[in-house]
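By this note's numbering, the letter at position 468 of the sequence shown is numbered 494, and the numbering carries on one by one without gaps.
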Amino acid sequence: MEKQVLPTSSCSLVLLEETKKTPLLLSNGTGYPAAAATGIPLAAMPGGGMVGGACNGQDKRMGVANGAGPGYQERETWTRQMDFIMSCVGFAVGLGNVWRFPYLCYKNGGGVFLIPYLLIVFVGGIPIFFLEIALGQFMKAGSINVWNIAPLFKGLGYASMVIVFFCNTYYIMVLAWGFYYLIKSFSSTLPWSTCENEWNTPNCIEIFHHQDCKNASLANVTVGSSNMTCSDLSDARSPIIEFWENKVLNISSGLDEPGRMNWELMLCLVAVWVLVYFCVWKGVKSTGKIVYFTATFPYVVLIILLVRGVTLPGAYDGIMFYIKPDWSKLEEAQVWIDAGTQIFFSYAIGLGALTALGSYNRFNNDCYKDAFVLALINSGTSFFAGFVVFSILGFMAAEQGVDISQVAESGPGLAFIAYPKAVSLMPVAPLWAALFFFMLLLLGLDSQFVGVEGFVTGILDLFPGKHYHRYKREIAVAICCSLCFIIDLSMVTQGGMYVFQLFDYYSASGMTLLWQSFWECIVVAWVYGADRFMDDVARMIGYRPFPWMKWCWSFITPCVCLGIFLFHLVNYKPLTYNNVYTYPWWGEVIGWCLALSSMLCIPVSILYKLFRAKGTFRERWAHLTSPVWGNHHLEYMDPHIRSLNSLTPGSEDNKVIIFESVM
């Protein structure tokens with residue numbers, strides 16, 4: 027076959043023929059068609075096009091990654107870099123920082139817990155956090171197409187899409203509950219503070235009316251015809267628990283009894299989904315503005331609540347209970363596992379959303395500095411929130427005359443039982459309740475719509491160029507929100523809490539996130555090359571990151587992820603609700619199906635691609651692990667602009683050689 031050889035410029039590119047491995051030049055849309063010359067279809071590029079280039083605004087028949095061809099939408103970028111910072115803060119700083127970290131800190135030795143926590147932040151949290159942002163910025167792609175860096179492992183992208191879809195589905199239920207509580211807070215008397223409501227039972231006890239319970243030395247007080255200790259009075263029949271279980275959840279006896287739908291809760295669910303839709307539908311330029319409020323106002327509320335909390339009786343005891351060190355805890359493996367798991371949760375690693383956010387950065391943005399700033403904000407918020415939470419819990423324990431350990435909760439138990447109970451004891455209780463639940467709503471809201479943005483970005487990157495439609499984004503966001511809402515309907519029934527716990531325990535569990543993070547490190551460090559990626563980052567930000575990052579990606583972080591993953595697997599316990607209800611076997615099967623639906627994406631995708639490829643195993647591997655570059659990469663390959671040798675598998679005189687890989 028005769029081949030045309032032309033000098034390569036920024037308007038041309040060279041492909042290698044699959045069989046003969048000789049350069050085939052394609053310039054300005056001319057030359058040999060890829061299918062005819064190589065037998066390999068051109069793969070869609072990260073920015074939403076094919077391998078190609080553009081010069082001086084010329085129309086490119088092949089299409090380009092980020093621009094210029096007919097029907098190809100140029101990838102938008104953040105209006106200001108602060109938009110990216112605030113979006114990451116809004117996404118990563120969420121409910122877990124407020125309702126999970128403080129509980130883990132007190133449970134695992136108080137201030138001592140910061141030792142394993144900070145250690146794993148530097149060997150696991152920051153390296154993967156930086157890796158995901160840098161990958162998105164470098165490849166200009168969402169969670170799926172970012173793995174064009176090693177197309178054989180594109181299953182990583184599909185796995186993260188599955189995880190973030192499940193997170194988007196069940197996480198919003200917390201917002202619906204919070205919105206419901208917020209509405210109920212606008213009343214002169216909080217509905218969960220009395221036993222005079224239709225949902226209350228005869229066993230309901232208004233604990234804070236019994237002044238004797240302030241004196242912990244009293245063994246018993248008589249209520250009705252029963253003798254109950256003060257600790258008994260803070261048990262399951264308090265008005266807040268009855269409001270939560272009988273009114274909000276109207277919970278049934280088990281997963282096999284879904285019961286009827288809670289229409290009030292469903293309307294709250296509709297409201298928050300509509301809010302999420304209109305926050306996301308126009309893309310990052312509008313989302314980047316909204317997060318300025320949703321990401322910063324919770325800090326204002328936290329400061330207000332802290333100022334109020336430290337002025338309450340018992341606050342000092344609560345704070346000391348939170349930070350008092352217990353050095354013996356460092357000997358327990360569970361403390362280190364809790365620290366690692368919390369970091370992967372709170373840093374939102376493995377969901378693909380950080381990659382999507384990074385893809386809207388300028389190519390030369392200093393994502394290395396951003397990663398450290400965001401990590402400091404995330405972990406700092408977690409620690410600060412603990413003072414807010416335990417100052418209030420200390421007050422509640424003092425009011426009830428019980429030990430703080432009996433009122434300390436995590437997860438929904440803190441947000442919808444312990445904290446509402448505490449604010450009901452304060453003067454002007456409705457004000458503090460409204461402030462708390464408004465903060466809770468904002469904390470979850472920005473995490474939710476950035477999660478939806480990450481999912482939608484990954485989907486839209488799969489349909490570039492000719493598939494572009496004027497309202498493509500709006501339609502994609504509407505479909506995503508509608509699918510999640512349909513699944514959510516099962517969670518607003520009487521058995522909805524059991525469904526919610528299935529999703530929470532399995533679909534986005536520590537095991538799925540650790541599995542995802544382990545493979546991300548392996549692919550970048552050992553398939554693409556840690557040094558190679560460090561070079562690419564250096565060409566983006568202008569300097570080479572500290573070698574610690576490379577060592578973490580290659581050795582330390584994968585070992586940390588694998589170790590915690592195996593610990594979770596070995597110490598797996600069947601799911602229960604309130605340590606009373608045990609899920610049926612078929613519920614466990616559904617749960618494991620949710621977990622494996624993401625975890626199996628990686629090995630199944632690898633085997634599928636290897637099976638479909640042609641040639642020996644070595645040839646298949648070489649072909650499927652060759653990167654697919656976008657148009658923005660070609661710009662930096664141009665010798666007249668900047669030399670980017672690490673991007674090119676080879677070069678010949680004045681011709682740039684680019685490997686084309688299958689999707």
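The beta carbon of each residue, even a glycine, is placed where N, CA and C say it ideally should be.
**Report entry** Opening and closing residue of the alpha helix (DSSP H) in which Tyr206 lies
**Finding:** Sequence index remark: in the sequence shown, residue 206 carries index 180 (1-based). It spans 181-211 - the alpha helix (DSSP H) in which Tyr206 sits, taken as one unbroken run.
Query raised in the report: Would DSSP call Pro72 helix, strand or coil?
Result: One-based indexing of the sequence shown puts residue 72 at position 46. For Pro72, the predicted structure reports a pLDDT of 31, less than 50, and the residue's modelled location is therefore unreliable. The matter cannot be settled from this model.
Query - Nearest neighbour of Phe481, chosen from Cys507, Lys315, Pro446 [CA to CA] - result: Within the sequence shown, residue 481 is the residue found at index 455, counting from 1. It is Cys507 whose Cα lies nearest to the Cα of Phe481.
Query raised in the report: What's the C-alpha gap between Met560 and Ile267?
Result: For the purposes of this step, residue 560 is taken as residue 534 along the sequence shown, with counting starting at 1. For the purposes of this step, residue 267 is taken as residue 241 along the sequence shown, with counting starting at 1. Computed Cα separation, rounded: 53 Å.
Query raised in the report: What are the start and end residues of each continuous beta strand (DSSP E) run of 3 or more residues lying completely inside the region 439-493, in chain order?
Result: Those beta strand (DSSP E) runs which fall completely within the region 439-493 and span 3+ residues do not exist here.
Query raised in the report: What do you get for Lys395, buried or exposed, if any count of 16 or more other CB atoms within 10 angstroms of its CB means buried?
Result: Here the question's residue 395 lines up with position 369 in the sequence shown. Exposed, because fewer than 16 other Cβ atoms sit within 10 Å of the Cβ of Lys395.
Query raised in the report: With DSSP run on the structure shown, which of helix, strand or coil describes Tyr554?
Result: Numbered from 1 along the sequence shown, position 528 holds the residue referred to as residue 554. The answer is helix: DSSP assigns Tyr554 an H, G or I state.
Report task. Give the C-beta separation of Met625 and Ala185 to the nearest angstrom, bearing in mind that I take them to be a contact with Cβ-Cβ under 8 Å. Result -> Within the sequence shown, numbered from 1, the residue matching residue 625 stands at position 599. Within the sequence shown, numbered from 1, the residue matching residue 185 stands at position 159. Yes, they are in contact, since the Cβ atoms of Met625 and Ala185 sit about 7 Å apart, within 8 Å.
Requested in this report: Identify the continuous alpha helix (DSSP H) that holds Glu232 and give its terminal residues.
Outcome: Translated into the one-based positions of the sequence shown, residue 232 becomes position 206. Element bounds for Glu232: n/a, residue is neither H nor E.
Requested in this report: Could you have a look at Thr227 and say whether DSSP puts it in helix, strand or coil?
Outcome: Your numbering for residue 227 matches position 201 in the sequence shown. In the displayed model, Thr227 falls within coil according to three-state DSSP, outside both helix and strand.
**Report entry** 8 Å Cβ cutoff met for Ile418 and Ala448
**Finding:** Along the sequence shown, read from residue 1 onward, the residue named residue 418 stands at position 392. Along the sequence shown, read from residue 1 onward, the residue named residue 448 stands at position 422. For Ile418 and Ala448, yes; Cβs fall inside 8 Å.
Query - Where the alpha helix (DSSP H) containing Arg334 begins and where it ends - result: Position 308 of the sequence shown, counting from 1, holds the residue named residue 334. Under the DSSP assignment, Arg334 falls in the alpha helix (DSSP H) whose first and last residues are 323-336.
Query - Euclidean distance between Cα positions of Ile189 and Leu509 - result: Position 163 of the sequence shown, counted from the start, is the residue given in the question as residue 189. Position 483 of the sequence shown, counted from the start, is the residue given in the question as residue 509. So the two alpha carbons sit approximately 15 Å from each other.
**Report entry** Those runs of the beta strand (DSSP E) which lie wholly inside the region 336-372 and span at least 3 residues
**Finding:** Counting only runs of 3 or more, we get nothing.
Query raised in the report: Between Met517 and Phe526, which are expected to be in contact by the criterion C-beta below 8 Å, what is the C-beta distance as a whole number of angstroms?
Result: Counting from one through the sequence shown, the residue named residue 517 turns up at place 491. Counting from one through the sequence shown, the residue named residue 526 turns up at place 500. Taking a contact as a CB-CB distance under 8 Å, the pair Met517 and Phe526 counts as one, their CB atoms being some 5 Å apart.
Query raised in the report: Excluding sequence positions up to five away, which residues of its chain have a Cβ less than 6 Å from the Cβ of Met452?
Result: As a working mapping, residue 452 is identified with position 426 in the sequence shown. Hits under 6 Å: Trp458.
Query raised in the report: Going by other Cβ atoms of all chains shown within 10 Å of its Cβ, with 16 needed for buried, is Lys126 buried or exposed?
Result: Here residue 126 refers to the residue found at position 100 when the sequence shown is read from its first residue. This sequence places Arg at residue 126; Lys is not what is there. Its Cβ being crowded by 16 or more others within 10 Å, Arg126 is buried.
Query raised in the report: Just how far apart, CA to CA, sit Phe649 and Tyr607?
Result: For the purposes of this step, residue 649 is identified with residue 623 of the sequence shown, where counting begins at 1. For the purposes of this step, residue 607 is identified with residue 581 of the sequence shown, where counting begins at 1. The identity of residue 649 in the sequence shown is His, whereas the question assumes Phe. Put simply, the backbone Cα of His649 is about 52 Å away from that of Tyr607.
Query raised in the report: Expressed to the nearest angstrom, what Euclidean distance is found between the alpha-carbon atoms of Phe155 and Ala379?
Result: Your numbering for residue 155 matches position 129 in the sequence shown. Your numbering for residue 379 matches position 353 in the sequence shown. Taking the straight line from one Cα to the other gives about 11 Å.
Report task. Below 7 Å CB to CB, which residues in the same chain sit around Val361 once its five sequence neighbours on both sides are set aside? Result -> By one-based count along the sequence shown, residue 361 stands at place 335. Around Val361, the same chain offers Asn134, Gly135, Phe139, Pro142, Lys355 as residues with beta carbons nearer than 7 Å, after the five sequence neighbours per side are excluded.
Query - Proximity to Lys12 [Cα-Cα], best of Pro629, Pro456, Met292, Met523 - result: For the chain, the structure presents residues 27 to 689; residue 12 sits outside this window and is missing.
Query raised in the report: Looking at Leu328 and Ala382, is the spacing between their C-beta atoms short of 8 Å?
Result: Walking along the sequence shown from the start, residue 382 turns up at place 356. Walking along the sequence shown from the start, residue 328 turns up at place 302. No.
Query raised in the report: Rounded to a whole number of angstroms, what is the C-alpha to C-alpha distance between Ala556 and Ser580?
Result: Within the sequence shown, numbered from 1, the residue matching residue 556 stands at position 530. Within the sequence shown, numbered from 1, the residue matching residue 580 stands at position 554. Spanning the two alpha carbons is a distance of roughly 7 Å.
Query raised in the report: DSSP state of Ser252, grouped into three classes?
Result: Numbered from 1 along the sequence shown, position 226 holds the residue referred to as residue 252. With a pLDDT of 41 at Ser252, under the threshold of 50, the modelled position of that residue is not reliable, and the figure given next carries that caveat. Strand at Ser252.
Query raised in the report: If we count the other Cβ atoms within 10 Å of its Cβ and call it buried at 16 or more, is Arg644 buried or exposed?
Result: For the purposes of this step, residue 644 is taken as residue 618 along the sequence shown, with counting starting at 1. Exposed, because fewer than 16 other Cβ atoms sit within 10 Å of the Cβ of Arg644.
Requested in this report: Tell whether a beta-carbon distance below 8 Å holds between Ala621 and Met537.
Outcome: As a first step, residue 621 is located in the sequence shown; it is residue number 595 there, counting from the start. As a first step, residue 537 is located in the sequence shown; it is residue number 511 there, counting from the start. Yes, they are a contact pair.
Requested in this report: With DSSP collapsed to three states, give me the class of Tyr524.
Outcome: Translated into the one-based positions of the sequence shown, residue 524 becomes position 498. In this structure, Tyr524 counts as helix in the three-state DSSP scheme.
Query raised in the report: Can you name, in chain order, every residue of its own chain whose Cβ lies under 8 Å from the Cβ of Glu28, other than the five neighbours on each side?
Result: In the sequence shown, counting from the first residue as 1, residue 28 sits at position 2. Any reading at Glu28 must be qualified, since the residue scores a pLDDT of 40, below 50, and its modelled position is unreliable; the value itself is stated next. Here the set comprises nothing.
Requested in this report: Decide yes or no for the touch test of the region 462-482 against the region 279-297: beta carbon pairs closer than 8 Å, at least 3 of them.
Outcome: Flag = no, the region 462-482 and the region 279-297 do not touch.
Requested in this report: Measure the alpha-carbon distance for Ile505 versus Asp487 and round it to whole angstroms.
Outcome: In the sequence shown, residue 505 corresponds to position 479, counting from 1. In the sequence shown, residue 487 corresponds to position 461, counting from 1. About 16 Å.
Query raised in the report: Per DSSP, Tyr607 forms a beta bridge with which residues?
Result: Here residue 607 refers to the residue found at position 581 when the sequence shown is read from its first residue. Its beta-bridge partners are Tyr603.
Query raised in the report: Would you say Val454 reaches chain B, if we count a Cβ-Cβ gap shorter than 8 Å as a contact?
Result: Included in the structure is just one protein chain, with no chain B present.
Query raised in the report: Leaving out the 5 sequence neighbours to the left and right, which residues in its chain are closer than 7 Å to Arg286 when beta-carbon positions are compared?
Result: Your numbering for residue 286 matches position 260 in the sequence shown. In its chain, beyond the 5 residues on either side, Thr519, Gln520 have a beta carbon closer than 7 Å to the beta carbon of Arg286.
Query raised in the report: Under a Cβ-count criterion, where at least 16 other Cβ atoms within 10 Å of its own Cβ denotes burial, should Ile501 be classed as buried or exposed?
Result: In the sequence shown, the residue the question calls residue 501 occupies position 475. Exposed, since its Cβ has fewer than 16 Cβ neighbours within 10 Å.
Query raised in the report: Under a Cβ-count criterion, where at least 16 other Cβ atoms within 10 Å of its own Cβ denotes burial, should Cys578 be classed as buried or exposed?
Result: Taking the sequence shown and counting its residues from 1, one reaches residue 578 at position 552. Cys578 should be labelled buried.
Requested in this report: Would you mind sorting Tyr425 into buried or exposed? The rule is 16 or more other CB atoms within 10 Å of its CB.
Outcome: Along the sequence shown, read from residue 1 onward, the residue named residue 425 stands at position 399. Checking the sequence shown, residue 425 turns out to be Glu, not Tyr. Result: buried.
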